[in-house]
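Per the numbering used here, residue 27 is the first one in the sequence shown, and the count goes up by one each step.
Ideal Cβ positions, reconstructed from N, Cα and C, are used throughout, including at glycine.
Predicted, not measured: the structure shown is a model, and the values here were computed from it.
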Amino acid sequence: MSVFQGAYRAHTNIALIKYWGKANKDLFIPTTSSLSLTLDALYTDSRVTFSSDFDKDVFYLNGQLRNEVETAKISQFLDLFRAEAAVDLKAKVESVNHVPTAAGLASSSSAFSALAAATRSALNLEGQISDQVLSTYARRGSGSATRSIFGGFVEWQKGTRNENSMAVRVDEANWDIGMVIMAINTAEKRVSSREGMAHTLNTSPFYPEWVKQNMIDLDRIKAAIVKQDFQLMGEIAEANAMRMHATTMAADPSFTYFEPETIKAIQVVQDLRATGVLAYYTIDAGPNVKVLCRASQMDEVVAFFKVYFPHMDFIKTTAGPGIQRLD
Ligand code: 2P0
């Protein structure tokens with residue numbers, strides 16, 4: 027009997043310059059590059075065991091055996107590594123999401139980067155697959171997973187083909203950066219990001235402008251990060267998020283991820299900023315608002331928000347690391 031095992035942790039990331047659309051659906055090549063902040067408080071642990079004793083792949087998430095559809099996605103993902111290692115063993119995948127239940131955050135970024143790293147380790151592929159190359163594997167599970175291989179600020183360079191659509195480290199983000207996440211609605215989203223971005227790309231007349239502007243935003247935010255210009259970084263991130271959401275509103279039929287509380291939270295961030303606190307919002311394919319602020323001012327940000335949202339759950343986090351080996 028042969029048994030191979032690997033276990034890794036990967037942290038979730040939140041994009042400051044968004045990924046919103048695929049140039050190649052099968053390979054997950056995006057229409058634009060994007061840039062994110064990896065977060066310390068939210069992560070996935072994944073353990074992969076390959077054994078000649080197994081006759082099919084099985085997938086446990088948070089201790090529960092998952093259905094065939096979900097397992098088939100995991101199998102396809104594992105096949106990329108099985109091909110590279112030239113092995114034909116079936117696997118047991120055990121993943122645990124350490125995302126506070128109230129977060130209501132999609133965890134596909136941490137899930138597929140943790141799984142990619144655990145599988146590389148189990149099959150002893152470290153010599154063939156560097157961390158950067160590993161990001162091209164993670165990408166095939168979910169686009170945002172590309173960026174979770176590394177910590178701090180990370181760019182996903184869109185590239186032109188499978189081999190060069192990859193993550194690149196930008197900055198460790200160890201300069202007083204925090205994020206406060208507001209759990210406005212933690213229910214399953216009505217339009218998945220995968221469907222939402224495809225529908226927007228296919229029908230929104232704003233989409234080509236989004237692609238052009240995203241390149242400008244990316245160059246500007248990288249310059250702001252290098253200079254550690256927090257205010258400029260926040261302003262660009264906020265504008266970029268709104269530009270992404272504008273494309274959805276101009277889609278046909280139109281849709282939005284915003285809920286009434288999302289708009290209210292945006293206004294609270296603007297009011298907070300008027301008091302002199304550097305705070306900027308970003309919003310993904312759901313109603314929850316994430317506030318980019320100084321780590322040293324996160325308590326102040328939460329206290330301000332509590333006045334308007336007394337029953338809301340808040341998660342405070344600083345920048346997180348890249349993939350980490352477990353055991
Ligand atoms: C991002 N989002 O850059 C953007 C901003 C949501 C809005 O990446 O189809 O789960 O698996 O590649 O990565 C969420 O989409 O989509 C996402 P797939 P994914 O973070």
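Say yes only if the C-beta of F54 is nearer than 7 Å to one or more non-hydrogen atoms of ligand 1, and no if none qualify.
-> Answer for F54: yes, Cβ within range of ligand 1.
Please confirm whether any heavy atom of ligand 1 lies closer than 7 Å to the CB of A193.
-> No - ligand 1 has no heavy atom lying nearer than 7 Å to the Cβ of A193.
Can you have a look at R173 and say buried or exposed, based on whether 16 or more other CB atoms are within 10 angstroms of its CB?
-> buried
Give a single yes or no on whether R216 has its beta carbon closer than 7 Å to a heavy atom of ligand 1.
-> no
CA-CA distance, M223 and W46?
-> 5 Å
Determine the contact status of D81 and S101, defining contact as a CB-CB distance below 8 Å.
-> no
Check whether the Cβ atoms of M205 and I40 sit closer than 8 Å, and answer yes or no.
-> yes
Please confirm if the region 158 to 172 is in contact with the region 283 to 300, defined as three or more CB-CB distances below 8 Å between the two stretches.
-> no
Whose C-beta lies closer than 6 Å to the C-beta of T273 among residues of the same chain, with five residues either side of it excluded?
-> T226, S230, F232, Y233 and W236
Can you name the start and end residues of the alpha helix (DSSP H) that H37 belongs to?
-> Segment V29 to I43 is the beta strand (DSSP E) holding H37; no alpha helix (DSSP H) there.
Starting from Y233, follow the alpha helix (DSSP H) in both directions and report where the run begins and ends.
-> Y233 to V252
Is there contact here, the region 287 to 296 with the region 191 to 200, by at least three beta-carbon pairs under 8 Å?
-> no
Three-state secondary structure (DSSP) at D157?
-> helix
Find the nearest neighbour of S218 within the set A148, K116 and S168, judged by alpha-carbon distance.
-> S168
Which residues mark the beginning and the end of the alpha helix (DSSP H) in which F331 is found?
-> M324 to Y334
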